[in-house]
Structures are given as structure tokens and as C-alpha cells.
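Visitor: I have a structure here, written as C-alpha cells, and I will follow up with some questions on it.
In our numbering, the protein residues as written are 16 to 87.
Encoded structure:
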């Protein structure tokens, strides 16, 4: 990724990491169908829904906390 991922929207990250959409959906978060995914970052979603960021990222192959712009 050329841009800093923490500046990317959830929808951009879902395009780059297809497993992210499924991992969020398993937690009852339907980012794919939400207009806010165009502007919210993954950090925003983790804070809003009080998600275990480490567990989410472990589920999404190849996505590290640093890549997603989350605290490690």
C-alpha cells in the first residue's frame, strides 16, 4: 500500500484485505453495507464497537496492527 493505511477508509481496507469484511460481519458489524465505511477508519470501528483489535487482526490473514493503523 502506498498511502498510510491508517488514513484509508474501511471500504478501502476491505478491498485490499477481503477477509476483513467477513471478520467484521462475524462480530455483527456490517461495514460492507454501511455508507460510513467510506470515511471511517478501522481504528474508528474498533473504538465504536469496542472490538478486540488483536483478535480481529489475527483473523484477517496478512493484516497487521501497524498496517491497519491501530496501536500494537
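Every residue, glycine too, gets a C-beta built ideally from N, C-alpha and C.
For residue 57 versus residue 46, is the C-beta spacing smaller than 7 Å?
Guide: No. Outside cutoff.
Visitor: Which value, in whole angstroms, describes the spacing of the CA atoms of residue 60 and residue 53?
Guide: In a straight line, the C-alpha of residue 60 is about 12 Å away from that of residue 53.
Visitor: Out of curiosity, what's the CA-to-CA distance linking residue 18 and residue 65?
Guide: Here residue 18 scores only 49 on pLDDT, less than 50, and its place in the model is too uncertain to base an answer on.
Visitor: When the Cα atoms are used, what is the spatial distance from residue 43 to residue 27?
Guide: Taking the straight line joining both Cα atoms gives about 19 Å.
Visitor: Please report the straight-line C-alpha distance between residue 37 and residue 29, rounded to a whole angstrom.
Guide: Each residue's Cα considered, the two are about 9 Å apart.
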